[in-house]
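Student: My structure is below; once you've seen it, I'll send some questions.
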Amino acid sequence: MLNNTFALKGTFCYSKDSQNLIIRENAYLICNNGISEGIYEELPACFQGIQVIDHTNRLIIPGLIDLHLHAPQYTFRGTGMDLELLDWLNTSAFPEEARYAESDYAQKAYQIFTEDLKQSPTTRACIFATLHTDATMILMNLLEDTGLKTMVGKVNMDRNAPSYLMEQNASTSAAATRQWIDAVSGRHYQNTFPILTPRFIPSCSDELLIFLSEIQQEFHLPVQSHLSENPGEIHWVKELCPDSLFYGDAYDHFGLFGADAPTVMAHCVYSTEEEIHRMKENGVYVAHCPESNENLSSGIAPVKRYLEEGLSVGLGSDVAGGSTENLFRAMAHAIQMSKMRWRLVDQKYPALKSEEAFYMATKGGGSFFGKVGSFEEGYEFDAVVLDDSRLESSRQMSVKDRLERMIYLADEREVKAKYVRGNKII
Ligand code: GUN
Ligand code: FE
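According to the working numbering, the sequence shown is numbered sequentially starting from 11.
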């Protein structure tokens with residue numbers, strides 16, 4: 011047993027729940043076979059002799075969880091931000107995604123993306139690829155080698171897209187999905203898992219969604235998509251699905267909205283009362299993507315309300331609607347946007363506190379992956395060691411202050427070591 015057991019020594023910060031942060035200074039976190047055995051002030055007698063990796067004075071947090079990003083869009087991050095969603099898709103996202111028909115391009119682009127994600131504070135992510143099976147496998151192979159735990163989706167889209175980025179019809183899209191699932195099962199990945207990825211309702215015919223629900227039932231895959239992101243998009247969905255009660259109902263009609271499969275929906279900026287109620291009832295996860303919602307002028311999601319009502323909420327970078335994979339930035343944007351919502355839109359819900367943003371980026375999103383996002387006993391051992399000495403200050407700071415500063419100031423330069431399920435990946 012002791013061969014697979016070690017301890018990290020340092021100052022630990024993790025969430026008990028959305029309101030309460032736990033801080034343990036200069037303590038020992040024990041990892042046994044990839045699972046946390048809890049945090050101790052002194053090394054217990056039964057663990058004497060195990061390797062202790064000393065990070066005294068460094069902050070150690072659970073690995074961050076990115077519930078939503080687009081790997082192929084990493085190439086143009088930080089550019090083309092002056093359009094709203096539907097025009098942005100046509101102008102920036104679709105032409106770029108079409109380039110992944112070429113495997114050489116995919117290999118080159120995804121190599122850069124996966125290396126950057128590996129160096130970031132993220133340990134787990136739900137990732138959109140493109141509709142191309144070969145390029146999706148290239149991405150999954152590269153991600154597998156990083157040691158990050160990811161769910162990756164070959165995207166489905168069979169309508170309302172340019173001909174250069176659209177599957178011929180529902181049957182060819184379903185057949186390509188089956189071929190992809192088959193290729194994945196042949197690879198016996200340890201870290202990389204398939205997730206069904208209908209792009210969003212405007213891109214997917216009813217016939218395709220029926221095929222995907224059959225595939226879901228056969229292979230028991232989770233589901234990721236977009237929901238109620240932008241007013242023009244929502245208006246379009248109403249026209250496309252006149253019989254749906256609300257946007258999410260159009261997914262739920264086909265068993266692709268939480269009740270039948272673990273499901274994460276990105277954005278949920280304009281979810282109606284009925285939609286919020288259904289998400290709660292069905293256990294749908296919200297991937298809150300605040301920076302993307304700013305860049306594409308989408309709006310400000312009522313995340314404080316979602317948290318208070320007990321919905322499952324995590325954070326998404328939504329690269330390249332969001333400019334960076336650095337989830338500390340997403341935490342800061344979530345807090346800052348919630349202040350604007352409180353000031354300008356709705357005084358009923360106060361702004362998010364740093365504890366809540368930290369919770370969403372760790373334990374909140376982590377539960378989509380199982381017992382993930384905390385250092386409590388029994389959780390998978392995902393840990394990020396942060397050295398904040400680059401950000402010098404003459405002030406004495408509390409641990410809480412140091413953690414808050416990470417939210418606003420940290421990036422991959424602060425990441426000194428990273429463990430995923432007990433494996434050191436950097
Ligand atoms: N809705 C459908 N596709 C996309 C996408 O690529 N990015 C975002 N932000 N929203 C979408
Ligand atoms: Fe997205």
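All C-beta atoms in this analysis are idealised placements derived from N, C-alpha and C, irrespective of residue type, glycine included.
Check the C-beta distance from residue 238 over to residue 277 and give it rounded, since I have them as a contact under 8 Å.
Tutor: Residue 238 sits at position 228 when you count from the first residue of the sequence shown. Residue 277 sits at position 267 when you count from the first residue of the sequence shown. Their Cβ separation, rounded to whole angstroms, is 6 Å, which keeps residue 238 and residue 277 in contact under 8 Å.
Student: For the ligand FMN, any of its heavy atoms closer than 6 Å to the Cβ of residue 276?
Tutor: Among the ligands modelled here, namely the ligand GUN and the ligand FE, the ligand FMN does not occur.
Student: Is the beta carbon of residue 143 closer than 7 Å to that of residue 83?
Tutor: Position 73 of the sequence shown, counted from the start, is the residue given in the question as residue 83. Position 133 of the sequence shown, counted from the start, is the residue given in the question as residue 143. Cβ distance not < 7 Å, so residue 83 and residue 143 don't count as in contact.
Student: Is it the case that the Cβ atoms of residue 311 and residue 341 are separated by a distance below 7 Å?
Tutor: Residue mapping note: residue 311 aligns to position 301 of the sequence shown, counting from 1. Residue mapping note: residue 341 aligns to position 331 of the sequence shown, counting from 1. Cβ distance not < 7 Å, so residue 311 and residue 341 don't count as in contact.
Student: Short check: CB of residue 103 to CB of residue 110, under 7 Å?
Tutor: As a working note, residue 103 is residue 93 in the sequence shown. As a working note, residue 110 is residue 100 in the sequence shown. No, Cβ-Cβ distance for residue 103 and residue 110 is not below 7 Å.
Student: Per DSSP, residue 204 is paired with what?
Tutor: Counted from its first residue, the sequence shown places residue 204 at position 194. 162.
Student: Determine the burial state of residue 419: buried for a count of at least 16 other Cβ atoms within 10 Å of its Cβ, exposed for fewer.
Tutor: Against the sequence shown, residue 419 aligns to sequence position 409. With fewer than 16 other Cβ atoms within 10 Å, it is exposed.
Student: Taking all protein chains shown into account, do 16 or more other C-beta atoms lie within 10 angstroms of the C-beta of residue 248, making it buried, or fewer, making it exposed?
Tutor: Taking the first residue of the sequence shown as position 1, residue 248 is located at position 238. So residue 248 counts as exposed.
Student: Under the three-state reduction of DSSP, which class applies to residue 403: helix, strand or coil?
Tutor: Against the sequence shown, residue 403 aligns to sequence position 393. Here residue 403 sits in coil by DSSP.
Student: Return helix, strand or coil for residue 307, following the three-state DSSP convention.
Tutor: Position 297 of the sequence shown holds residue 307. Here residue 307 sits in coil by DSSP.
Student: Bridge partners of residue 134, per DSSP?
Tutor: As a first step, residue 134 must be located in the sequence shown, where it is residue number 124. Its beta-bridge partners are 75, 159.
Student: Can you find at least 3 beta carbon pairs, one from the stretch 328-344 and one from the stretch 77-97, that sit closer than 8 Å?
Tutor: Judged by Cβ distances under 8 Å, the stretch 328-344 makes contact with the stretch 77-97, as three or more pairs qualify.
Student: Is the beta carbon of residue 159 sitting closer than 7 Å to the one on residue 201?
Tutor: As a working note, residue 159 is residue 149 in the sequence shown. As a working note, residue 201 is residue 191 in the sequence shown. Their beta carbons are under 7 Å apart, which means residue 159 touches residue 201 by this criterion.
Student: Between 416, 394, 391, 395, which lies nearest to residue 402 when the distance is taken from Cα to Cα?
Tutor: On the sequence shown, position 392 is the one that residue 402 refers to. When each option's Cα is compared against that of residue 402, the closest is 416.
Student: Taking the alpha-carbon positions, what's the residue 40 to residue 26 distance?
Tutor: For the purposes of this step, residue 40 is identified with residue 30 of the sequence shown, where counting begins at 1. For the purposes of this step, residue 26 is identified with residue 16 of the sequence shown, where counting begins at 1. About 18 Å.
Student: In the DSSP assignment, find the unbroken alpha helix (DSSP H) run with residue 245 in it and report its ends.
Tutor: Reading the sequence shown from its first residue, position 235 is the one you call residue 245. From DSSP, the alpha helix (DSSP H) with residue 245 extends over 241-250.
Student: If we count the other Cβ atoms within 10 Å of its Cβ and call it buried at 16 or more, is residue 411 buried or exposed?
Tutor: The residue labelled residue 411 in the question sits at position 401 within the sequence shown. Exposed, by the Cβ-count rule.
Student: Report the residue from 384, 315, 199, 325 whose alpha carbon sits nearest the alpha carbon of residue 22.
Tutor: The residue you call residue 22 lines up with position 12 of the sequence shown. For the residues 384, 315, 199, 325, the minimum Cα distance to residue 22 belongs to 384.
Student: State yes or no: is the C-beta of residue 27 nearer than 6 Å to some heavy atom of the ligand GUN?
Tutor: Taking the first residue of the sequence shown as position 1, residue 27 is located at position 17. Checking every heavy atom of the ligand GUN against the Cβ of residue 27, none is found closer than 6 Å.
Student: Would residue 273 pass as a contact of residue 323 if the rule is Cβ separation under 7 Å?
Tutor: For this step, residue 273 is matched to residue 263 along the sequence shown. For this step, residue 323 is matched to residue 313 along the sequence shown. Cβ distance not < 7 Å, so residue 273 and residue 323 don't count as in contact.
Student: Can you list, in chain order, the stretches of the alpha helix (DSSP H) that have 4 or more residues and sit fully within the stretch 222-291?
Tutor: Complete alpha helix (DSSP H) runs here, min 4: 241-250, 257-262.
Student: How should residue 113 be labelled, buried or exposed, when 16 other C-beta atoms within 10 angstroms of its C-beta is the threshold for buried?
Tutor: Locating residue 113 in the sequence shown gives position 103, counting from the first residue. When all chains shown are included, residue 113 counts as exposed.
Student: Given 8 Å as the limit, is there contact between the stretch 33-49 and the stretch 385-399, that is, 3 or more CB pairs closer than that?
Tutor: Counting Cβ pairs under 8 Å, three or more are found: they touch.
Student: Here's the rule: buried if 16 or more other CB atoms are within 10 angstroms of the residue's CB, otherwise exposed. What is residue 87?
Tutor: Against the sequence shown, residue 87 aligns to sequence position 77. It is buried - the Cβ of residue 87 has at least 16 other Cβ atoms within 10 Å.
Student: Hey, would you say the C-beta of residue 331 is under 6 Å away from at least one heavy atom of the ligand GUN?
Tutor: In the sequence shown, the residue the question calls residue 331 occupies position 321. Checking the Cβ of residue 331 against the ligand GUN gives yes.
Student: By a C-beta neighbour count over all protein chains shown, 10 Å radius and 16 as the cutoff for buried, is residue 266 buried or exposed?
Tutor: On the sequence shown, position 256 is the one that residue 266 refers to. Buried: at least 16 other Cβ atoms inside 10 Å.
Student: Using the three-state DSSP reduction, which class does residue 66 fall into: helix, strand or coil?
Tutor: As a working mapping, residue 66 is identified with position 56 in the sequence shown. If DSSP states are grouped into helix, strand and coil, residue 66 belongs with the strands.
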